[in-house]
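Undergrad: Here you go, one structure.
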Amino acid sequence: MRLGDARRIVIKIGSALVVDPRTATPRAEWMAGVAADVAALRAGGAEVVLVSSGAVALARRALGLTKRVLKLEEKQAAAAVGQIRLAGAWQEALAGHGINAAQVLLTLAESEDRRRYLNARATLGTLLELGCVPVINENDTVATTEIRFGDNDRLAARVAEMISADALVLLSDIDGLYTADPRNNPGARHLPVVEQITDEIMAMGGEPPPGYSSGGMRTKLIAARIATGAGCAMAIARGDIPNPIAALQAGARCTWFQPAPDGRRAWKSWIAGSLAPLGVLVVDEGAARALRQGRSLLPAGVLMVEGQFQRGDALSVRDMAGQELARGLSAYDSADAKAIAGHRSAEIEALLGWRGRDELIHRDDLVLL
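The numbering used here numbers the first residue of the sequence shown as 96 and each following residue consecutively.
So this is what it looks like as structure tokens:
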């Protein structure tokens, strides 16, 4: 895998890279280098999402919370203070290249509840279409222990899965995966490529290191399993150097985890076979032809809406003869779908009083049968 081949890239950055432990302030010069790398990726035609830790670390000293393990409510308070500082630091770094930063805070619930998942994915997709660089962090201000990811490695992998990213880069203090911890075992061997994440590979993970970071090699391997299972390649590379993405592109040593061959098909297989349709959309011949060409289903091509369903529910798409053509996830509930059926997308706002998606079912959420 070459990073230059990826059209959509997620870059995960840990607290230890973002925060200077001596001053508890952002590493502005290092962040400026990453921003320059992001600008270069975008100039090459790629879309980039940053998943950045550091909010709690940026606030601990200011709040006098440096000398003990934080209680949940203290961590949430620190996150509330630090998230502003973290977003501001990235905004300043990216603005130097004329890039708009967008702060997005997520919890585990957004990746496990189908409707929240679709909402988050739609928001991220829109931000990318508008030319922004989303800067994502876990929403520690509101997340309880039960709904937390617990580390941004796994959050980054879920984001990569959510937006169908081609590559995920975990910037770390190590240049990839070794057969054993190289700090303790001089005979440890570096693995430049991992074709498949087996139990043997997972056993190479260790415990999270002390300090600001909550990650560790094991959480990175869990992230790799999530990302590659969704058809996304993943790299573990050194981040504690200037312009780490440029270094990776120039051939710096790292470990690439290859995507599962059927990863991209898993989402649509789930739609096709795991969800019972809660409604039916009958479409005209023009819409049926557009679906066969890989396009989304627009309201204008829908002749009839049957059933009671909510946004995110599975629907059966049928032609005028009653033959099932496809299944997909609805972008509207049944009442709104009935109101906009047969109308052009430009009319949606006038019909509903608010502007939703142009598509009734987006092609990413639709599978032909």
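Glycine included, C-beta positions come from ideal geometry on N, C-alpha and C.
Are there 16 or more other CB atoms within 10 angstroms of the CB of Met297, so buried, or fewer, so exposed?
TA: When all chains shown are included, Met297 counts as exposed.
Undergrad: Which residue comes first and which comes last in the alpha helix (DSSP H) that contains Lys315?
TA: Taken as a continuous stretch (DSSP letters only), the alpha helix (DSSP H) holding Lys315 covers 312-324.
Undergrad: In whole angstroms, give me the CA-to-CA distance for Ala325 and Met126.
TA: One C-alpha to the other measures close to 29 Å.
Undergrad: Under a Cβ-count criterion, where at least 16 other Cβ atoms within 10 Å of its own Cβ denotes burial, should Val164 be classed as buried or exposed?
TA: Exposed, since its Cβ has fewer than 16 Cβ neighbours within 10 Å.
Undergrad: Cα separation between Arg450 and Ala426?
TA: Those two C-alpha atoms are separated by around 12 Å.
Undergrad: Straight-line CA distance for Ile231 to Arg102?
TA: C-alpha separation (whole angstroms): 19 Å.
Undergrad: My understanding is that Gly109 touches Ala150, with C-beta atoms under 8 Å, so please give their C-beta distance in whole angstroms.
TA: So it is not a contact: roughly 12 Å between Cβ atoms.
Undergrad: Among Arg439, Val289, Thr274, which residue has its Cα nearest to the Cα of Gly282?
TA: That would be Thr274, whose Cα lies nearest to the Cα of Gly282.
Undergrad: Is it the case that the stretch 340-357 contacts the stretch 381-389, given that we only count it when at least three CB pairs across the two stretches are under 8 Å?
TA: Contact fails: fewer than three Cβ-Cβ distances are below 8 Å.
Undergrad: Suppose you measure from the CA of Lys74 to the CA of Ser440; what does that come to, to the nearest Å?
TA: This structure does not reach residue 74, given that the chain is present from 96 up to 464, and the question cannot be answered.
Undergrad: Which residues in the same chain have their Cβ closer than 6 Å to the Cβ of Ala175, if we skip the five residues on either side of it in sequence?
TA: Around Ala175: Thr236.
Undergrad: CB-CB under 7 Å to Asp421, same chain, minus the five flanking residues each way: which ones, in chain order?
TA: The sequence shown places Ala at residue 421, rather than the Asp named in the question. Excluding residues within five positions, the ones whose Cβ falls inside 7 Å are Leu386, Val412, Leu461, Val462, Leu463, Leu464.
Undergrad: In or out: Pro287 buried (at least 16 other Cβ within 10 Å) or exposed?
TA: Classification of Pro287: exposed, given that the 10 Å Cβ count is below 16.
Undergrad: Return the bridge partner residues of Pro121 from the DSSP annotation.
TA: Val114.
Undergrad: Looking at the strands, I want to know which residues DSSP matches up with Ala328.
TA: Its beta-bridge partners are Ala262.
Undergrad: Beta-carbon within less than 7 Å of His457's beta-carbon, same chain only, minus the 5 sequence neighbours each way: which residues are those?
TA: Cβ neighbours of His457 beyond the five flanking positions: Ser391, Ala426.
Undergrad: Mind checking Arg284: buried by the 16 CB within 10 Å criterion, or exposed?
TA: Label assigned to Arg284: exposed.
Undergrad: With a cut-off of 8 Å, do at least 3 Cβ pairs link the stretch 257-271 to the stretch 209-216?
TA: A contact exists between the stretch 257-271 and the stretch 209-216.
Undergrad: Using 8 Å for Cβ pairs, my map puts Pro339 next to Val146. What's the rounded Cβ distance?
TA: Not really, about 14 Å apart at Cβ, beyond 8 Å.
Undergrad: Among residues of its own chain, excluding the 5 on either side of Ala173, which ones have a beta-carbon nearer than 7 Å to its beta-carbon?
TA: Val151, Ala154, Arg155, Leu158, Leu160, Leu165, listed in sequence order.
Undergrad: Lys107: which of Gly220, Glu233, Thr221 sits nearest, CA to CA?
TA: The residue with the shortest Cα to Cα distance from Lys107 is Glu233.
Undergrad: Closest to Leu203 by CA distance: which of Gln388, Ala367, Tyr212 is it?
TA: Cα-wise, what sits closest to Leu203 is Tyr212.
Undergrad: Nearest to Asp294 by CA position, among Asn280, Leu376, Pro277, Arg313, is which residue?
TA: Considering only alpha carbons, the answer is Arg313.
Undergrad: Going by DSSP in three states, Gln171 sits in which element: helix, strand or coil?
TA: Gln171: helix per DSSP, three-state reduction.
Undergrad: Could you compute how far the alpha carbon of Ala196 sits from the alpha carbon of Leu266?
TA: Straight-line Cα distance between these residues: approximately 20 Å.
Undergrad: Looking only at its own chain, which residues have a Cβ that is under 8 Å from the Cβ of Asp479, when we skip the five neighbours before and after it?
TA: It is not possible to answer for residue 479, since the shown part of the chain is limited to 96 through 464.
Undergrad: DSSP on Leu455, reduced to helix/strand/coil?
TA: It is coil, neither helix nor strand.
Undergrad: Buried or exposed for Lys170, going by 16 or more other Cβ atoms inside 10 Å?
TA: Answer is buried; the Cβ neighbour count reaches 16.
Undergrad: Which term fits Glu241, buried or exposed, when burial requires 16 or more other beta carbons within 10 angstroms of its beta carbon?
TA: Caution is warranted here: a pLDDT of 49 is assigned to Glu241, below 50, making its placement in the model unreliable, and the coordinate value is therefore given only provisionally. Exposed.
Undergrad: For Lys363, which residues of its own chain have a beta-carbon under 6 Å away from its beta-carbon, when the five flanking residues on both sides are left out?
TA: Answer for Lys363: Val462, listed in chain order.
Undergrad: Looking at Ala409: is its Cβ nearer than 7 Å to the Cβ of Pro354?
TA: No, the Cβ-Cβ distance between Ala409 and Pro354 is not below 7 Å.
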